[in-house]
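Visitor: With the sequence shown counted from 1, adding 31 to any position gets you the working numbering.
Backbone N, C-alpha and C define an ideal beta-carbon position, used for all residues, glycine too.
This one's a predicted model, so the numbers in the text were calculated from it and none came from an experiment.
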Amino acid sequence: MDNAEEKVAMRESKRRERQSALEDSDNDIGLCGWLLVALSILLMLLTLPISVWMCIKIVKEYERAIIFRLGRILRGGAKGPGLFFILPCTDSFINVDMRTITFDIPPQEVLTKDSVTVSVDGVVYYRVQNATLAVANITNADAATRLLAQTTLRNVLGTKSLAEILSDREEIAHSMQSTLDDATDDWGIKVERVEIKDVKLPVQLQRAMAAEAEATREARAKVIAAEGEMNASRALKEASLVISESPSGLQLRYLQTLSTIASEKNSTIIFPLPMEMMQGFMKR
32 MDNAEEKVAM RESKRRERQS ALEDSDNDIG LCGWLLVALS ILLMLLTLPI
82 SVWMCIKIVK EYERAIIFRL GRILRGGAKG PGLFFILPCT DSFINVDMRT
132 ITFDIPPQEV LTKDSVTVSV DGVVYYRVQN ATLAVANITN ADAATRLLAQ
182 TTLRNVLGTK SLAEILSDRE EIAHSMQSTL DDATDDWGIK VERVEIKDVK
232 LPVQLQRAMA AEAEATREAR AKVIAAEGEM NASRALKEAS LVISESPSGL
282 QLRYLQTLST IASEKNSTII FPLPMEMMQG FMKR
């Protein structure tokens, strides 16, 4: 936990340093720049109140505005939400959406560690954490994050076997999130969540896995049937020992069998007789 907190603190300090370096621009516009700013203020005052409608801008609650004065970012960083003021001719601004953005990672053909080709897709949730860095450090943060997510998915899954991909999706998603978050930190982007949506296997591999699973189930069923036969034979052996100790018990068993046959309304009833009775008739 201490190492993780130290990494987060170092990351925050580096981000603040980069942002402060970008924002220290008002004092570097030079004499010509200050003259242009003064002319812009004079023009605004001369065209009042019409110029007010051009100078006052509004950004929504989920947006931030990065103001550029003569091409340099103003001190103070992003403006908003609400009203902010710009000078005509010398100032321009870019709106940055701070809401969480979701995109699907297209299916990627990946060769796993055990040389199996699978098609894997996923979904990524991210948001702009620092609007200044997202504008100043990269051309298109959204496109860059999408391409980086595809590459990271291929790289992470390439180090896993097929069994690990199918069983350890949460661990793979957490590893991808950590990798993406570290890579996009310089862009002012925070990757909040990564999920593996689907893992598609080749048809031949699906058939082989199905045949293997079916064979495993059949083998287990045969073992269970054999164990049942063994238990039944042991029970029959114990029953025969009990009946052999009491000859009258066998006769009671005959009567129970007759009662069972009669209850089923059969037209033919077979009544077993002891062999000793038949031997008596044969002697006569």
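Between the stretch 205-218 and the stretch 154-165, are three or more C-beta pairs nearer than 8 Å?
Guide: Yes, the stretch 205-218 is in contact with the stretch 154-165.
Visitor: Does Val254 pass the burial test, meaning 16 or more other C-beta atoms within 10 Å, or should it be called exposed?
Guide: Under this definition Val254 is an exposed residue.
Visitor: Examine the ligand SAH and report whether any of its heavy atoms sits within less than 7 Å of the Cβ of Gln287.
Guide: With respect to small molecules bound, the structure shown includes none, and the ligand SAH cannot be examined in it.
Visitor: From which residue to which residue does the alpha helix (DSSP H) around Gly61 run?
Guide: Here the alpha helix (DSSP H) through Gly61 covers 61-77.
Visitor: With a threshold of 8 Å on Cβ separation, who are the neighbours of Ile98 within its own chain once the five nearest residues in sequence on each side are excluded?
Guide: Correct list, in chain order: Ile104, Leu105, Lys110, Phe115, Ile117, Asp122, Ser123, Phe124.
Visitor: Assuming Pro119 contacts Ser82 (C-beta within less than 8 Å), just tell me the rounded distance between them.
Guide: Pro119 to Ser82, Cβ: 6 Å. Contact.
Visitor: Is it the case that the Cβ atoms of Glu27 and Val149 are separated by a distance below 8 Å?
Guide: Nothing can be reported for residue 27: it is not among the residues displayed for the chain, which extend from 32 to 315.
Visitor: Using the DSSP secondary-structure output, state which residues sit across from Pro221 in a beta bridge.
Guide: Inspection of the sequence shows that residue 221 is occupied by Lys rather than by Pro. Partner(s): Arg158.
Visitor: Assign Thr247 to buried or exposed, taking buried as 16 or more other Cβ atoms, counted over all protein chains shown, within 10 Å of its Cβ.
Guide: Classification for Thr247: exposed.
Visitor: What are the start and end residues of the alpha helix (DSSP H) that includes Leu114?
Guide: No alpha helix (DSSP H) contains Leu114, which is instead part of the beta strand (DSSP E) from 113-116.
Visitor: Where DSSP assigns a beta bridge to Asn126, which residues make up the other side?
Guide: Asn126 is bridged to Ala96.
Visitor: By the three-class DSSP mapping on this structure, what secondary structure does Asp213 have?
Guide: Three-state result, Asp213: helix.
Visitor: Does Ser290 pass the burial test, meaning 16 or more other C-beta atoms within 10 Å, or should it be called exposed?
Guide: Label assigned to Ser290: exposed.
Visitor: Just reading off the beta strand (DSSP E) that Thr133 is part of, what are its end residues?
Guide: Per DSSP, Thr133 belongs to the beta strand (DSSP E) from 132-142.
Visitor: Please classify Ser148: does DSSP put it in a helix, a strand, or coil?
Guide: First, the residue type needs correcting, since residue 148 is Thr and not Ser in the sequence shown. Three-state result, Thr148: strand.
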